[in-house]
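Structure first, then comments.
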Amino acid sequence: MVLESSTAEAMGMEGEPLDEMQVDLLVTVGGDGTILRAMQKNDAIILGVNAGTVGFLAEVAHDEIPEAMGKVLKGEYFIEKRFKLRTDYEGKRLADAMNEAVIHSDAVAKIRHFRIKVDEQVATELRADGVIVSTPTGSTCYAMSVGSPIIDPHVNAFVFVPMAPFKFAARPMVVPTSARIKVELLMDKGCLLVIDGQREYHMRGKSSVEFSLSKNYGRFLRFEDNFYARMQEKLVGSL
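Start counting at 1 in the sequence shown, then tack on 1, and there's your number in the working numbering.
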């Protein structure tokens, strides 16, 4: 068993930096943000223990840890693979997203002008606070809060969602994962590109960013295939 450095220090023990840990299984204790931070630094299989508010990506509650680890040791689990979103900006590959990439204005209460292309065809042009490009995993997160449909994680699709669009007709659009999505900034004013709420990059005005299917996957240790039960419990029941 290996502890992450800051956790180990708090416990008076020795540990290793997360991005240097060579482990088969990574147990995270926290909310979805904790899981996403771990995924940015390590490719191990994730077992999420919910110690946050909703914890949609987590598999077990904190009081279920002994039972869960017993099942792990007995091999009573399966591995769920979730695809990731690839981001390329001005010839540079940025971090992959498990949930979403968010492009929003770099100044408070300032609208921006976007053109969105799918496989080089113009899908829409709009003025809005920003645009979210999300995986099905992220469709139950930030994207959902601004109008995205919930997408079953078995569906091979992305969705892009305008944030507070000026045009009433601007609506979310679902596209296949085989597509390349390009978001162009049409104004000479910058934006921020935020990946999974963890990595932040500045985009200059009149530039563009491309999104596509990554070859990398997120891997979750699961005991049940219960997406709809999880949705009822975490999203419907939490309202």
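From the three backbone atoms N, C-alpha and C, an ideal C-beta is built for every residue, glycine too.
From a predicted model like this one, the values you see are computed outputs, not experimental measurements.
Strictly by DSSP, which residues pair up with residue i?
| i | result |
| --- | --- |
| Leu193 | His105 and His203 |
| Asp89 | Arg94 and Glu211 |
| Ile182 | Val119 and Phe212 |
| Glu81 | Phe221 |
| Pro177 | Ala158 |
Whole angstroms are fine: how far does the CA of residue j sit from the CA of residue i?
| i | j | result |
| --- | --- | --- |
| Ala165 | Met12 | 45 Å |
| Ala171 | Leu74 | 50 Å |
| Phe169 | Arg128 | 10 Å |
| Pro177 | Phe212 | 12 Å |
| Ile196 | Tyr78 | 30 Å |
| Lys111 | Gly206 | 13 Å |
| Ser209 | Val156 | 27 Å |
| Leu95 | Tyr218 | 15 Å |
| Asp153 | His203 | 31 Å |
| Val160 | Val147 | 12 Å |
| Glu234 | Asn51 | 13 Å |
| Lys216 | Thr88 | 12 Å |
| Pro67 | Val61 | 10 Å |
| Leu86 | Ile133 | 12 Å |
| Lys190 | Val119 | 23 Å |
Which of the three DSSP states, helix, strand or coil, is assigned to residue i?
| i | result |
| --- | --- |
| Phe228 | helix |
| Arg54 | Strictly speaking, residue 54 in this sequence is Thr, with Arg absent from that position. Coil at Thr54, not helix or strand. |
| Ala170 | coil |
| Leu48 | strand |
| Met164 | strand |
| Thr35 | helix |
| Gln41 | helix |
| Ala59 | coil |
| Leu236 | helix |
Which term fits residue i, buried or exposed, when burial requires 16 or more other beta carbons within 10 angstroms of its beta carbon?
| i | result |
| --- | --- |
| Asp25 | exposed |
| Pro163 | buried |
| Gly136 | First, the residue type needs correcting, since residue 136 is Thr and not Gly in the sequence shown. When all chains shown are included, Thr136 counts as buried. |
| Met145 | buried |
| Thr141 | buried |
Inside the stretch 109-160 only - alpha helix (DSSP H) runs reaching at least 4 residues: Runs found: 143-146.
Within the stretch 4-35, ranges of the beta strand (DSSP E) (whole runs, at least 3 residues): Within the stretch 4-35, complete beta strand (DSSP E) segments of at least 3 residues are found at 26-31, given in chain order.
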